[in-house]
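Quick note on full-length UniProt numbering: the sequence shown kicks off at 1 and runs consecutively. For reference, the structure is listed below as structure tokens.
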Amino acid sequence: MSTNHTSTSDAEPRPKAVLFCPDCGHESGLPGDWIVDEGPNRTTHTCPACDATVEDRPRPAPALAP
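Structure, rendered in structure tokens:
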């Protein structure tokens, strides 16, 4: 059995790290045009088109000295 794949050579390649806004569909690579808020405990990426929160993750705790 063979599978035919559509060639994407004419399409512009997408970067490997791409975020998608679930609200408006905006997409951009990293770092891209996302609004980044690096607080003391969290990093938040916000969509520049609609202000939706796209990613909100805790920042790693600093390593303790021995």
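Beta carbons are placed, not taken as given, at the ideal position from N, Cα and C, and that holds for glycine.
Are the Cβ atoms of Trp34 and Cys47 separated by less than 9 Å?
In this structure, Trp34 sits near Cys47, with a CB-CB distance shorter than 9 Å.
Taking Gly29 as part of the beta strand (DSSP E), name the residues at either end of that continuous run.
Gly29 -> beta strand (DSSP E) spans Glu27 to Gly29.
To which residues of the same chain is Glu27 closer than 6 Å at the C-beta, ignoring the five residues directly before and after it?
Val18 and Phe20
So what does DSSP say about Leu19, is it helix, strand or coil?
It is a strand residue.
Would you mind reading off the limits of the beta strand (DSSP E) that contains Asp56?
Thr53 to Pro58
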